[in-house]
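These notes concern the structure reproduced below.
There are 2 protein chains.
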Amino acid sequence: MPRTAPHMPLKLAEAAFEQFATEGFANVNLDQIAVHAGVTKGAIYCHYKSKHELILAACMHYYRLYQVKVHGLIASVPDPLDRLRKVLELSIYNCVIDKKNRVFTTEIFALSLQHIDVRSGWAQFYDTVRELFIGLVTTAKLAGQLQIEDPRSAVDMMLSAIEGIKLRATFEPHISDPVEQQNLVQGLLKILGYTEGSSADVMQKS
Amino acid sequence: MPRTAPHMPLKLAEAAFEQFATEGFANVNLDQIAVHAGVTKGAIYCHYKSKHELILAACMHYYRLYQVKVHGLIASVPDPLDRLRKVLELSIYNCVIDKKNRVFTTEIFALSLQHIDVRSGWAQFYDTVRELFIGLVTTAKLAGQLQIEDPRSAVDMMLSAIEGIKLRATFEPHISDPVEQQNLVQGLLKILGYTEGSSADVMQKS
DNA sequence: AATATACAATACTTGCCAGTATCTTATTAT
DNA sequence: ATAATAAGATACTGGCAAGTATTGTATATT
Chain Y
1 MPRTAPHMPL KLAEAAFEQF ATEGFANVNL DQIAVHAGVT KGAIYCHYKS KHELILAACM
61 HYYRLYQVKV HGLIASVPDP LDRLRKVLEL SIYNCVIDKK NRVFTTEIFA LSLQHIDVRS
121 GWAQFYDTVR ELFIGLVTTA KLAGQLQIED PRSAVDMMLS AIEGIKLRAT FEPHISDPVE
181 QQNLVQGLLK ILGYTEGSSA DVMQKS
Chain A
207 MPRTAPHMPL KLAEAAFEQF ATEGFANVNL DQIAVHAGVT KGAIYCHYKS KHELILAACM
267 HYYRLYQVKV HGLIASVPDP LDRLRKVLEL SIYNCVIDKK NRVFTTEIFA LSLQHIDVRS
327 GWAQFYDTVR ELFIGLVTTA KLAGQLQIED PRSAVDMMLS AIEGIKLRAT FEPHISDPVE
387 QQNLVQGLLK ILGYTEGSSA DVMQKS
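Sequences listed follow chains Y and A, in order.
The first sequence begins at 1 in the numbering used here and counts up one residue at a time.
The second sequence begins at 207 in the numbering used here and counts up one residue at a time.
Set out below in structure tokens:
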């Protein structure tokens, strides 16, 4: 048997992600990616059979990264509402502060319009995120920390807002302020039925 | 003096919009646009000095169209809450049902990441939309139809949600259902402080 | 009618970049 | 050691599309 390079696909996907997330899919050529991975274009074609496949690999890499981050966070926070808030903070960070993630996902949206495989990849990823949030919200609701009738539709609206916030971050840099961050998280929690002050005992007032 | 063709720039911008909104900026070449405008590529360069300028013109065309539609709607509905609801319905229609608008704006977002002129064009447009909504919400609030403290931040969150809904529409076709439409409008109104039922007299209950 | 000039058509150049063909090198099983 | 083969380097091809040079044509002023 000859030598093998099992790390190369990942290494190339990482390098591709970095480049794509900085300059966009259309503005990056395979030579650039190759240079950043410390190889030449020919080597890329040993592991991926087209630029498109490399793009898909970069997407998968991004999805994995997000999952790892989120589940690490969830495992470390016991209280349901705290956990929800932490995940929201992470999501906002991912979308707003971390420019690479923001650019990369925005590019994915545009590419999804034309390529069904990119689209279904994102759809699958997004489903896991949605279910994750529905779980978090339901748990917090059962703990009496949220006043919400339909967690599913609330989560859908909240996730829409996050995506929209991501887009706005491109045009409104002030969104990156730490203070603004907290306001955004607060606004998202509000969509999820969090009422400021003594949380769950608002209903009893009337 | 020679002949003149004052309608050509608009005609080309319209044709460009149509093509870009169908296939995306990167997948449309100037020959295609020329054919759809009933001219040849050479003619385009009489009116625009690059593809990029034509893209900007297509953007401006889109912005104008939206403004015309919205202001036509506003003028025809007297009640503040009704007016707000109608504008929201139009916005959802624009973002979700009207695929061309959805595709075109998504492409703008991606292009904005790299091109400052595209970005500032959108930012300017978005500002007018934001101010419009703030006006609508404030009017409805003063009329006692909305329970909202800070119209500005509520509108920001609501507009984020709309943008996010637009993105989701690419991945979740069921959003196009008429029923779902109304749910979305209802959810957006909720963000703006609309409490279902007898609207403005909720406070008095406690 | 003549002519100046903007509009438009045609044909061409140029550069970029995905993908390929071919050659080299390193590794491992025998 | 050596044959077999995967990984990688280098150099090339081919196609696409933006932009340009040139030529043609219609119109408005004189």
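Even glycine gets a Cβ: it sits at the ideal position worked out from N, Cα and C.
Treat the numbers as computed from the prediction; the structure is a model and nothing was measured.
Name the residue from the options whose alpha carbon lies nearest to the alpha carbon of residue i.
{"i": "I314(A)", "options": "E229(A), T210(A), S359(A), S382(A)", "result": "E229(A)"}
{"i": "M60(Y)", "options": "Y126(Y), G144(Y), P178(Y), E163(Y)", "result": "Y126(Y)"}
{"i": "H321(A)", "options": "H7(Y), N27(Y), A13(Y)", "result": "N27(Y)"}
{"i": "L352(A)", "options": "L319(A), T376(A), M364(A), L395(A)", "result": "L395(A)"}
{"i": "T210(A)", "options": "A360(A), R289(A), C252(A)", "result": "C252(A)"}
{"i": "P173(Y)", "options": "G350(A), S326(A), A360(A)", "result": "S326(A)"}
{"i": "L319(A)", "options": "T106(Y), L113(Y), V118(Y), N183(Y)", "result": "T106(Y)"}
{"i": "Q181(Y)", "options": "G72(Y), D98(Y), I74(Y), T195(Y)", "result": "D98(Y)"}
{"i": "I340(A)", "options": "D323(A), L236(A), Q330(A), S359(A)", "result": "S359(A)"}
{"i": "L279(A)", "options": "G248(A), L236(A), V385(A), L338(A)", "result": "L338(A)"}
{"i": "T334(A)", "options": "P212(A), L236(A), H277(A), S256(A)", "result": "H277(A)"}
Does the distance from the C-beta atom of residue i to that of residue j stay below 8 angstroms?
{"i": "V283(A)", "j": "K275(A)", "result": "no"}
{"i": "L317(A)", "j": "F231(A)", "result": "yes"}
{"i": "K347(A)", "j": "P357(A)", "result": "yes"}
{"i": "Y66(Y)", "j": "N94(Y)", "result": "yes"}
{"i": "A169(Y)", "j": "M363(A)", "result": "no"}
{"i": "Y254(A)", "j": "A263(A)", "result": "yes"}
{"i": "W122(Y)", "j": "F377(A)", "result": "yes"}
{"i": "G164(Y)", "j": "L365(A)", "result": "yes"}
{"i": "L398(A)", "j": "I354(A)", "result": "yes"}
{"i": "R289(A)", "j": "L342(A)", "result": "yes"}
{"i": "V302(A)", "j": "I381(A)", "result": "yes"}
Between which two residues does the alpha helix (DSSP H) harbouring residue i extend?
{"i": "H277(A)", "result": "257–282"}
{"i": "Q238(A)", "result": "236–242"}
{"i": "R374(A)", "result": "357–377"}
{"i": "S91(Y)", "result": "80–92"}
{"i": "G350(A)", "result": "No alpha helix (DSSP H) contains G350(A), which DSSP labels as neither H nor E."}
{"i": "P215(A)", "result": "214–229"}
{"i": "L394(A)", "result": "384–397"}
{"i": "Y251(A)", "result": "247–253"}
{"i": "L113(Y)", "result": "Per DSSP, L113(Y) belongs to no alpha helix (DSSP H) and is neither H nor E."}
Grab me the residues of residue i's own chain with a C-beta within less than 7 angstroms of its C-beta, minus the 5 sequence neighbours each way, in chain order.
{"i": "T40(Y)", "result": "A34"}
{"i": "A243(A)", "result": "K217, L218, A221"}
{"i": "Q391(A)", "result": "For the record, residue 391(A) in the displayed sequence is Val; it is not Gln. Closer than 7 angstroms at the Cβ level, and outside the excluded window around V391(A), lie R291, L294, E295, I298."}
{"i": "S306(A)", "result": "Checking the sequence shown, residue 306(A) turns out to be Lys, not Ser. Counting only Cβ-Cβ distances below 7 angstroms, and skipping sequence neighbours, we find A227, T228."}
{"i": "M214(A)", "result": "H253"}
{"i": "Y194(Y)", "result": "L146"}
{"i": "T139(Y)", "result": "P80"}
{"i": "P6(Y)", "result": "none"}
Between residue i and the rest of its own chain, which residues show a CB-CB distance below 6 angstroms, the 5 nearest in sequence each way excluded?
{"i": "H52(Y)", "result": "none"}
{"i": "A143(Y)", "result": "P80"}
{"i": "G187(Y)", "result": "none"}
{"i": "E196(Y)", "result": "none"}
{"i": "V288(Y)", "result": "The displayed coordinates of chain Y run from 1 to 206. Any statement about residue 288(Y) would go beyond what the structure contains."}
Excluding the 5 residues flanking residue i on each side, which residues of the same chain have their C-beta closer than 8 angstroms to its C-beta?
{"i": "Q225(A)", "result": "V234, Q238, I239, H242"}
{"i": "V155(Y)", "result": "R130, F133, I134, V137, L192"}
With hydrogens ignored, establish whether the beta-carbon of residue i is closer than 7 angstroms to any heavy atom of the ligand ATP.
{"i": "R325(A)", "result": "The ligand ATP is not part of this structure, which contains no ligands at all."}
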